[in-house]
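Here is the structure we will look at, set down as structure tokens.
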Amino acid sequence: MAKNPARAARPKFDPRAYEAELIPLLREVAALFEPDAASLQQVLRKIPKDGRGFFSRSDLIAGFRHFQGSTDFGIDERELLQRLKRKPVRTQSGVTPVTVLTKPFPCPGQCIFCPSDVRMPKSYLRDEPGAQRATLNKFDPFLQVWNRLSAFYQLGHPVDKVELIVLGGTWSSYPEAYQRWFILRCFDALNEFSGTTSAGTGERRASMEAGMDFLDLDEGVEGSGASRSYNEVVKDHLKRGLQGSLLADVEDATWQKLEAAQEQNESSACRSVGLVLETRPDCVDESEVMRLRRMGATKVQLGIQTLSDEVLAKNKRGHDSEATRRAIGLLRRAGFKIHAHWMPNLFGASCEGDREDFRQLFAEAPYRPDELKIYPCSLIETSELMQVYEAGQWKPYGHEELVDLLVDCLAHTPEYCRLTRVVRDIPSTDIVDGNKVTNLREVVEAELKNRGQACRDIRSREIRGASFDVSTLERQALEFETEVSRESFLQMVTPDDQLVGFLRLCLPVAPSFIDELGQSALIREVHVYGVSAELGERDESKAQHLGVGQQLVEWAAQLATQAGYEEMAVISAIGTRGYYRKLGFKDGVLYQHRAL
Ligand code: SF4
49 MAKNPARAAR PKFDPRAYEA ELIPLLREVA ALFEPDAASL QQVLRKIPKD GRGFFSRSDL
109 IAGFRHFQGS TDFGIDEREL LQRLKRKPVR TQSGVTPVTV LTKPFPCPGQ CIFCPSDVRM
169 PKSYLRDEPG AQRATLNKFD PFLQVWNRLS AFYQLGHPVD KVELIVLGGT WSSYPEAYQR
229 WFILRCFDAL NEFSGTTSAG TGERRASMEA GMDFLDLDEG VEGSGASRSY NEVVKDHLKR
289 GLQGSLLADV EDATWQKLEA AQEQNESSAC RSVGLVLETR PDCVDESEVM RLRRMGATKV
349 QLGIQTLSDE VLAKNKRGHD SEATRRAIGL LRRAGFKIHA HWMPNLFGAS CEGDREDFRQ
409 LFAEAPYRPD ELKIYPCSLI ETSELMQVYE AGQWKPYGHE ELVDLLVDCL AHTPEYCRLT
469 RVVRDIPSTD IVDGNKVTNL REVVEAELKN RGQACRDIRS REIRGASFDV STLERQALEF
529 ETEVSRESFL QMVTPDDQLV GFLRLCLPVA PSFIDELGQS ALIREVHVYG VSAELGERDE
589 SKAQHLGVGQ QLVEWAAQLA TQAGYEEMAV ISAIGTRGYY RKLGFKDGVL YQHRAL
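If you want the numbering used here, it's the 1-based position in the sequence shown plus 48.
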């Protein structure tokens, strides 16, 4: 097992030094009749920290955890957290997202719109929030996961169910040993983070020998006047960079070690209930699909950008729409959730062409992604697109044109798809030309409403933290064909049309290329909304414990049986294997199976 990097020297808040203030303050917080932000602020003002400042939420949580054994506050920790929670939306889908970035590495793509910051993995900019966290942690996967969990925990968010999202360049182009090590260290961090006591959950800092430092690279590449490419600079740096104990750790990260860490995670306090990896369509073949699954992935972010071969070629994308069609088919047939990235306004595109492209994405059987990020192309200085722009051959759509296009996209997104983004969160200082409106989604949604239309995607209908009466839930099934399957999107909705849970059932038309799956029906996703309840905790007001997931699985089993399937498999995440065992599934090698 790799050694953990050194512990931080950052001064840690010690509740004992503030006992005289914290105990009465916590009593007041516990006694608040209306625990809203204004009343909380009033209480914090009444009992200041060090005579002038405010105690932070994390101070209060640390104090509560320290003194609750000796002092009765009249509420439990969960109730305190509810009162202090600042950003409830983040975990309202029931799962806490932890995003980590891989180190900079050469990318097989030559895409002209892609930023080239050599301190970052290809396509990321160093002042994006996730990128800043990765830099501070020197791209060390253990530290990135640990410190993100620590931040969530200190703010009172649950960390028992975690979706790990690995971003950065093209995952499939990194050496397999690095991939294994990266995922192993993510699982090590989940397994080691206690998540239930204040002991040992503090932030850790990267030590000198941990991770990789790219900060001293300041070479401008790709954009106007640059002499070297991103790949050349990064390759050079990597030759010098990966040495000593880190190199040995990477080489030491065997499949057996990864599988052992995954097994340990099944009963860990912080479980991976989803693992997302990011790649390009032309990197997806049968063996890559198997490798992604072996890593524990359940969802793949796939940069498809456009279906127009002409626009793909003009942007030096390096693959055509046939590669996209094939990749989606393989991933779907292996049960993965497909999270596509689509880019309007590329070089050579037009508003009308983009409208048609978006229509095709859902109208044509080979595509139909489960989730979608819409990233309108923006001009970044370090991209090759700068030269095209300076030659007057490309310019971004005007604000109104773009809003008009996006309104149409939102209006035509089917119910089975989740629109996760409609604009990329790039700091406006990095954008030379293009959209700088950060709340573009709100602008587009308002315009959609003005026109008397509504978006029916998953995100617009999720129930989030609202309560509901389980006996009134209605079942709705949406069926559609793909090139490799008949898909059923099974939904449970409230009478006022809010989505409480859904299941994606894949009924394949031919045996899978993965022997283990054969001709089984396949559950690709089960998702139940509600504020994330801690594993093992039962609270009847929370959706996850009302058996909504189980009802969806039984419904899927019934449909698959009626359709003549004899077995049903599920692409379970490491941390949900126990749940599926309780529902009658037996462990296979990469999937779990239930006879019908
Ligand atoms: S494949 Fe992705 S990361 Fe690589 S150059 Fe193209 S857009 Fe950038």
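Heads up, the beta-carbon is just placed ideally off N, CA and C, and yes, glycines get one too. Note that the coordinates shown come from a computational prediction; the quantities given were computed from them, not determined experimentally.
Check: residue i C-beta below 6 Å from any heavy atom of ligand 1
i    : result
T144 : no
R276 : no
R469 : no
C331 : no
Residue i - DSSP class collapsed to helix/strand/coil
i    : result
F112 : helix
L583 : Caution applies to L583, whose pLDDT of 44 falls short of 50 and renders its modelled position unreliable; the value that the coordinates give is listed next. Here L583 sits in coil by DSSP.
P145 : strand
I506 : helix
V485 : coil
V210 : strand
S320 : strand
R625 : helix
M434 : helix
L573 : One point to set straight first is that residue 573 is Glu, not Leu, in the sequence displayed. Looking at E573 - three-state DSSP - the assignment turns out to be strand.
T354 : coil
A301 : coil
F633 : coil
Q441 : coil
V541 : strand
L453 : helix
V491 : helix
L547 : strand
V618 : strand
A514 : coil
L526 : strand
I428 : strand
K97  : strand
T139 : Here T139 scores only 49 on pLDDT, less than 50, and its place in the model should not be relied on; the value that follows carries that caveat. Three-state DSSP puts T139 in a helix.
A247 : Because A247 carries a pLDDT of 47, less than 50, the predicted location of this residue cannot be relied on, and the following value inherits that uncertainty. Coil, per DSSP.
Residue i: first and last residue of the uninterrupted alpha helix (DSSP H) it sits in
i    : result
F102 : Element bounds for F102: n/a, residue is neither H nor E.
L232 : 224-240
Q598 : 596-610
R407 : 399-411
Q202 : 189-202
L642 : A small fix is needed here, since residue 642 is Arg in this sequence, not Leu. Unbroken run through R642 is the beta strand (DSSP E), 640-643; no alpha helix (DSSP H).
E176 : E176 -> no alpha helix (DSSP H), and no H or E assigned at all.
P72  : 67-79
Q567 : No alpha helix (DSSP H) contains Q567, which DSSP labels as neither H nor E.
E314 : From DSSP, E314 is part of no alpha helix (DSSP H); its letter is neither H nor E.
Q501 : Note, Q501: premise wrong, no alpha helix (DSSP H); not H, not E.
For residue i: DSSP bridge partner residues
i    : result
P556 : S533
K347 : V324, K385
W219 : Paired residue(s): none; W219 is not in a bridge.
I479 : I428
Element boundaries [beta strand (DSSP E), containing residue i]
i    : result
Q158 : Q158 -> no beta strand (DSSP E), and no H or E assigned at all.
T468 : 466-469
I422 : 419-422
**Message:** Just to be sure I understand the criterion: a residue counts if its Cβ is closer than 6 Å to at least one heavy atom of ligand 1. Which residues meet that?
**Reply:** C155, G157, C159, C162, K170, S171, G217, T218, R328, G351
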